[in-house]
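The next block holds one structure in the form of structure tokens; read it before the comments.
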Amino acid sequence: MPELPEVETTRRGIEPHVVGRRIVSLAVYEPRLRWRVPNSLPAQVAGQKIRVAGRRAKYLLIELESGTLLLHLGMSGNLRVLPAQTPRLAHDHFDLLLDSGQTLRFNDPRRFGSLHYTTEAVDQHPLLARLAPEPLDVAFNTEYLWRATRRRSVAIKQLIMNSLLVVGVGNIYASEALFRARVRPRRSARSLSREEVARLVRSIRAVLKAAIRTGGTTLRDYVGANGNPGYFRQKLFVYERAGQPCRKCRKPIRQFTQGQRSTYYCTSCQK
Ligand SMILES: [Zn+2]
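Here the sequence shown stands for residues 0 to 270, numbered as in numbering that gives the first Met the number 0.
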């Protein structure tokens, strides 16, 4: 599933190809995505110039002259910039044709992705209005996480994956950040010391930045906007490394299930 670094990598990949371009047309081949793409959408966006390719949480925000497209990659979606005449593949659901002769093409086998359009202030859109801070934003800091953890007995991994607290810290990056912060995933949130909270905030930022720099993590369904898989997988310390030696202390990495997701950690490096 594309996580925040994959979405940011996609944003950076498409940005130089779409910003400043005019939309010739939007061709929707399969409107039945997670939410149905409205029949009126192609007429609303045709002829508009793309001003900005932004992101909020895992939504790509394509800002036009009179509104904003909100695009979510869902579980298995990807976007590619291709010559407009490129033959379509199975699961290609829409084309945003640009005046450059290129098209922004959305492919999504599982159809959990979505496409919305709003002419209102985009941060007030129902999908975005109640989102927590971005992990790379200054609002997500030691003081913020310290206060959020004080009266909570929930496991720290569950807490940092809660999108009402901070957006975009998915399963891979939660495990990796806890390893770097030297904190076990099952620890109750309120048991963390201030120093551990500070380390965790730094680790979450560091792991996401490193993943963005290397183009996200290679997952089966994920391909970056330029068609290249991400290379972050080679740098993972614990995720999907059960039984393999810890890259720091050589002890085997342990795995267990937490909230229906696999969690990985080192019994020696994490307290
Ligand atoms: Zn270790």
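Even for Gly, the Cβ is constructed at its ideal location relative to N, Cα and C.
Next item on the list: Could you give the DSSP three-state label for Pro108: helix, strand or coil?
Entry: coil
Check: Which residue from Ile252, Pro30, Leu69, Leu126 puts its Cα closest to that of Pro184?
Finding: Ile252
Notebook entry, point to check: Whole alpha helix (DSSP H) runs in the segment 133 to 175 with 4 or more residues, listed along the chain?
Noted result: 141 to 148, 155 to 159
Notebook entry, point to check: Hey, how far is the Cα of Asp98 from the Cα of Arg249?
Noted result: 54 Å
Next item on the list: With Leu78 as the anchor, note down where its beta strand (DSSP E) starts and where it stops.
Entry: 77 to 82
Check: Helix or strand or just coil, what does DSSP make of Arg87?
Finding: coil
Next item on the list: Provide the residue(s) that pair with Pro244 in DSSP beta bridges, ordered along the chain.
Entry: Pro251
Notebook entry, point to check: Who pairs with Val51 in a beta bridge, going by DSSP?
Noted result: Glu62
Next item on the list: Would you mind stating whether Gln47 and Leu69 have Cβ atoms separated by less than 7 Å?
Entry: no
Item checked: Touching by the beta-carbon criterion (3+ pairs, under 8 Å), the segment 131 to 138 and the segment 109 to 119 -> no
Checklist line | Nearest-angstrom Cα separation, counted from Gly19 out to Ser162 | finding: 32 Å
Next item on the list: Compute the distance between the beta-carbons of Val36 and Val27, then report whether it is under 7 Å.
Entry: Their beta carbons are under 7 Å apart, which means Val36 touches Val27 by this criterion.
Margin query: Could you check whether Ala52 and Glu14 sit closer than 7 Å to each other, using their CB atoms as the reference points?
Written below: yes
Next item on the list: Leaving aside the five residues before and after Leu32 along the sequence, list all residues of the same chain whose C-beta is less than 6 Å from its C-beta, in chain order.
Entry: Arg110, Gly112, Ser113
Note to self: Taking the alpha helix (DSSP H) that Ser202 belongs to, which residues open and close that run?
What the structure shows: 193 to 212
Checklist line | Thr8: first and last residue of the uninterrupted alpha helix (DSSP H) it sits in | finding: 3 to 17
Check: Measuring from the CB of Ser267, is there a heavy atom of ligand 1 at a distance below 6 Å?
Finding: Closer than 6 Å to some heavy atom of ligand 1: that describes the Cβ of Ser267.
Next item on the list: Taking Val182 as part of the alpha helix (DSSP H), name the residues at either end of that continuous run.
Entry: No alpha helix (DSSP H) holds Val182; DSSP gives it neither H nor E.
Notebook entry, point to check: How big is the Cα-Cα spacing for Arg204 and Arg260?
Noted result: The alpha-carbon atoms of Arg204 and Arg260 are separated by roughly 22 Å.
Next item on the list: Sort Leu3, Asn38, Ile49, Pro41 by Cα distance to Arg21 and report the nearest one.
Entry: Ile49
Check: What do you reckon, is the C-beta of Lys234 under 6 Å from a heavy atom of ligand 1?
Finding: False, no ligand heavy atom lies under 6 Å from that Cβ.
Notebook entry, point to check: Nearest-angstrom Cα distance between Lys156 and Pro30?
Noted result: Near 36 Å, if we compare the C-alpha coordinates of Pro30 and Lys156.
Next item on the list: Could you check the C-alpha separation between Arg179 and Thr102 for me, to the nearest Å?
Entry: 40 Å
Notebook entry, point to check: In whole angstroms, what separates the C-alpha of Ser192 from that of Thr148?
Noted result: 10 Å
Margin query: I want to check one thing, is the minimum distance from the CB of Lys247 to the heavy atoms of ligand 1 below 6 Å?
Written below: Indeed, a heavy atom of ligand 1 lies less than 6 Å from the Cβ.
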